[in-house]
Each structure stands twice: as structure tokens, then as C-alpha cells.
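Have a look at the structure below before the remarks.
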Amino acid sequence: MNKDLINSLIAILLILAIGLVTGYTLGFYRATQNRFPEIHPIADINPAKPLKTADLNIPTDVEYMASRKGKVYYSVLDQKAWSISEKNRIFFKTSTEAEKAGYRKTSNQP
């Protein structure tokens, strides 16, 4: 009986020790995980005026634009396309149409 009591106490102490070590370890690893700061919106710091298609005088059914003086065509959503002066703009409905006209795709276009 004395041996059974000692074995039971050892088993209980082992279970408690494993529980404490596991709990400490999990708590330690959880505390060391990377926590990123909360992201708060800030005021727009880009001084460029946002594009509004109504201000750009483009046809509604086109997807690409090029300069009469250039050799590259751009998506109408590309910021570089809007550096083309309004009098030199040529519009295309498809990329195939632009390539048939002798223009090549810009390097940053997918």
C-alpha cells in the first residue's frame, strides 16, 4: 500500500510538472510572437490630384491609349498614359488594335 501511494503521488507530481512546463512554454512562445501595431488611416500625403475619368475626356468603350508621337500604348488606367497631351492622344478598344497600328505594349503592363 505504501508503494501504491508513492506511485500515485509520483504520477500526480509528473502530471502537474508537465502541465506547468507546457503552460509556461506556450505562454512564453505566445509572448514572443510578432505583433504588428494597429493600422490607422492617415490623411492622403500624395499631392497628385486623383484621376477622374469624367475630367479626362476619354470615350467610354476604350481600354488603351497612345501618343501620336510615341511607339508605346498604355492602359487608360495607367498613370503614365495621362502624361500624354490631350491633342496627341489616340484611343484603342483592344490591344490587338493598338499593335496593328504599330504600337507596342508598355513594359509595366501585364
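In this text, residue positions in the sequence shown follow my numbering: the first is 93, and each later residue adds one. C-beta atoms are modelled at their ideal positions from N, C-alpha and C, and glycine is treated no differently.
Excluding the 5 residues preceding and the 5 following S165 in the sequence, name in chain order all residues of the same chain whose CB lies nearer than 6 Å to its CB. The sequence shown places Tyr at residue 165, not Ser. The answer, listed in chain order, is Y156, A158, A190, Y195.
In chain order, what residues of the same chain lie with their CB nearer than 7 Å to the CB of R160, ignoring the 5 residues before and after it? For R160, the CB contacts under 7 Å within the same chain, skipping 5 residues up- and downstream, are N180, I182 in chain order.
Run the CB neighbour count on A193, radius 10 Å, all protein chains shown included, and call it buried at 16 or more, exposed below. An exposed status is given to A193, since fewer than 16 other beta-carbon atoms sit within 10 Å of its beta-carbon.
Which residue marks the beginning of the alpha helix (DSSP H) containing A190, and which one marks its end? Going by DSSP, A190 is part of the alpha helix (DSSP H) stretching over 187 to 192.
In whole angstroms, what is the alpha-carbon distance linking S187 and V168? Near 11 Å, if we compare the C-alpha coordinates of V168 and S187.
Give every residue of the same chain whose Cβ lies closer than 6 Å to the Cβ of K172, excluding the five residues on either side of it in the sequence, and list them in chain order. These residues qualify, in order along the chain: Y166.
Beta strand (DSSP E) segment containing A158, residue limits: It spans 156 to 159 - the beta strand (DSSP E) in which A158 sits, taken as one unbroken run.
Can you grab the Cα-Cα spacing for the pair L112 / S100, in whole Å? Approximately 18 Å between the Cα atoms of the pair.
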